[in-house]
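Just so we're aligned, residue 1079 is where the sequence shown starts under my numbering, counting upward by one.
Quick reminder that beta carbons are idealized off the backbone N, C-alpha and C, glycines included.
Keep in mind it's a predicted model, so treat the numbers as computed, not measured.
Worksheet: the structure to be examined is printed underneath.
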Amino acid sequence: MEAIAADFGIKQALEQLGVGILNEGSSTGSNAFSTGEILESYSPVDGHLIGKVKTTTKTDYEKVMTAATEAFKLWRVMPAPQRGDIVRQFGDRLRKNKEALGKLVSYEMGKSYQEGLGEVQEMIDICDFAVGLSRQLHGLTMHSERPGHRMYEQYHPLGVVGVISAFNFPVAVWSWNTALAWVCGDVCIWKPSEKTPLCGIACQNIIAEVLAENNLPEGISCLINGDYRVGEFMTRDTRIPLISATGSTRMGKIVAQEVAGRLGKTLLELGGNNAIIVTPDADIKMTVIGAVFGAVGTAGQRCTSTRRLIIHEAVYEKVKQALVDAYKQLRIGNPLDETNHVGPLIDVDAVDMYKKALSKVKDEGGQVIVNGGVLVGEGYESGCYVKPTIVEAQPDFEIVQHETFAPILYLLKYSGSVESAIAIQNNVVQGLSSAIMTNNLREAERFLSVEGSDCGIANVNIGTSGAEIGGAFGGEKETGGGRESGSDAWKIYMRRQTNTINYTTELPLAQGIKFDL
Ligand code: UN1
């Protein structure tokens, strides 16, 4: 391990980001209020302890809440374009720290360094988007039915926004929420995944520097650490009007009920079971690139990962063979080494779920065409490396209905028209991302029509993962219905107020009602 840390500049990256020293002491950084028990962060890359973080107790949480509430009073009256300028500075600071943060993401979470850099790029992109947005928080004006009246709507900030994020995008998802929430005038409290706490501290350190340089309170961006019990401080807290939560459907249902019970708002971005439909008119080369990246990128741990390929019988054997050939090229190993395509899963529990899913699909009658398994030996000491696998299955297999966060790709054969493929695609409880590979305009438009894909994301000749920040990101059904990042997703971070102003000396009532005194 020391070799990996030294060879790939991990120590320097950690030092640059202020997240302490490998395997020594505790690394609380800007997580200033936390005094609770120690949370250790182990790298799935080599199994080594990277650092330690203090968790947040209820008493600490109250201090965080006070800091956030105080900061909100100041932040909400700052003109939005000035808030945008703070976000611009944060984006600039991210540019300077891109390599270091990308490395930390790769080392703590296990995704490839390229993808770690890509994740930081998403943060930079959303900052740029939010800067522009800070001058475009538009409401509408309406024509009043009454003479001498003016009617319009305006958006005000909500207050303290709670962000709960998952291990698989340990930095970007936070920024999709916070960059928008900040320009909207909200302050944020973030609980990152307990599996990637150092990524949280690193981000907090970066924004804390920007806030300090601008003489702004750190309460604008707060960090809390720990497991679901710390998350509950926020979900149960009536002082938090909006909880944005990314993670499993199981977690999302609990959060949704807690927050709905107090009539708070939620933005949920939960599980996917994403499919690519491959029609007889598909470009096979493009299909293979899209499918392989979608299935094995981030070791199959994106919510947008491709889990099902729904292939027409006319091209089934050809696609299958091309995939088998492509999987032979895959190099699995240390994700910091850029010659590798696939890194480890997040931890041994995830490996366990991968193994269980594989044995389940075999029990159900699935035919393995690219062997899976857990890798052992030199370079695989963490026990988290698994082989990406491909299994021929049936759409109605129980396991195929489930999201397994691992590189398992199910091949499903369809015959007849594109409608039957769409029916298979839609016949799962999740509704995040979907794609069709076709050069046939009719099939493509059918897929995008009201009778087509029921997902929040529907792509043509692109895979299911790797969405750009400019679009609204999220999905339907058990994916939770939330939308983050681009388009008009900002509206959820604000409260809408309708204003009617009477500039006459009369008081006419709406709907023509007469009320003479
Ligand atoms: C996630 O996995 O939670 O579309 C987010 C993508 C990325 C984001 C994934 N831009 O694959």
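Taking the alpha-carbon of residue i as reference, which of the options has the nearest alpha-carbon?
i, options, result
"Gly1339", "Ser1253, Trp1153, Ile1318 and Gly1096", "Ile1318"
"Lys1555", "Ala1083, Gly1509, Gly1451 and Phe1311", "Gly1509"
"Gln1399", "Val1469, Thr1583 and Gly1180", "Val1469"
"Ala1259", "Ala1244, Gln1282, His1234 and Thr1274", "His1234"
"Gly1590", "Gln1094, His1480, Gly1461 and Arg1224", "Arg1224"
"Met1143", "Ser1243, Val1308 and Asn1412", "Val1308"
"Phe1371", "Ala1545, Glu1391, Gln1503 and Ile1424", "Ala1545"
"Val1507", "Ile1570, Glu1529, Ala1369 and Ala1353", "Ala1353"
"Ala1369", "Asn1539, Thr1557, Val1249 and Tyr1432", "Asn1539"
"Thr1578", "Gln1232, Ser1460, Ile1285 and Glu1140", "Gln1232"
"Gly1548", "Ile1116, Leu1345, Met1431 and Asp1206", "Asp1206"
"Tyr1571", "Leu1276, Ala1146, Met1312 and Lys1343", "Lys1343"
"Arg1161", "Leu1585, Leu1294, Gly1421 and Asn1246", "Leu1294"
"Ile1285", "Ile1388, Leu1092 and Arg1166", "Arg1166"
"Ile1389", "Glu1497, Pro1466, Glu1456 and Gln1575", "Glu1497"
Looking at residue i and the ligand UN1, is the gap between the Cβ and the nearest heavy atom below 7 Å?
i, result
"Asn1246", "yes"
"Cys1205", "no"
"Ala1545", "yes"
"Arg1380", "yes"
"Thr1324", "yes"
"Val1251", "yes"
"Glu1497", "no"
"Glu1200", "yes"
Between which two residues does the alpha helix (DSSP H) carrying residue i extend?
i, result
"Thr1256", "Ala1250 to Cys1262"
"Ile1279", "Pro1275 to Glu1291"
"Met1156", "From DSSP, Met1156 is part of no alpha helix (DSSP H); its letter is neither H nor E."
"Gln1094", "Ile1088 to Leu1095"
"Lys1176", "Lys1176 to Met1187"
"Ala1545", "Per DSSP, Ala1545 belongs to no alpha helix (DSSP H) and is neither H nor E."
"Ile1502", "Val1496 to Asn1504"
"Val1198", "Tyr1191 to Leu1211"
Starting from residue i, follow its DSSP beta bridges and name the residues at the other end.
i, result
"Cys1381", "Per DSSP, none; premise fails for Cys1381."
"Gly1129", "Ser1119"
"His1216", "According to DSSP, His1216 bridges with nothing at all."
"Phe1551", "Glu1562"
"Leu1489", "Leu1387 and Glu1470"
"Asn1352", "Thr1384"
"Ser1531", "Note: Ser1531 sits in no beta bridge, so no partner."
"Cys1300", "Ile1267"
Taking the beta strand (DSSP E) that residue i falls in, what are its first and last residues?
i, result
"Lys1269", "Val1265 to Lys1269"
"Lys1569", "No beta strand (DSSP E) holds Lys1569; DSSP gives it neither H nor E."
"Thr1467", "Thr1467 to Glu1470"
"Leu1117", "Ile1116 to Tyr1120"
"Tyr1230", "His1227 to Pro1235"
"Glu1347", "Lys1343 to Glu1347"
"Gly1240", "Val1238 to Ile1242"
"Asn1537", "Ile1535 to Val1538"
"Ala1323", "Leu1320 to Thr1324"
"Ser1512", "Ser1511 to Met1515"
Report, in whole angstroms, the separation of the C-beta atoms of residue i and residue j, which I expect to be a contact under 8 Å.
i, j, result
"Val1439", "Ala1471", "6 Å"
"Ala1257", "Ile1321", "In fact, because the Cβ distance is near 18 Å, the residues do not count as touching under 8 Å."
"Ser1511", "Ser1563", "The pair is not a contact, with the Cβ atoms about 14 Å apart (cut-off 8 Å)."
"Val1251", "Ala1208", "Actually they do not touch by this definition, with Cβ atoms about 14 Å apart."
"Trp1153", "Val1241", "With 8 Å as the limit, Trp1153 and Val1241 do not qualify as a contact, their Cβ atoms being about 16 Å apart."
When you measure from the CB of residue i to every non-hydrogen atom of the ligand SAH, does any distance come out below 7 Å?
i, result
"Ala1588", "Of the ligands this structure carries, namely the ligand UN1, none is the ligand SAH."
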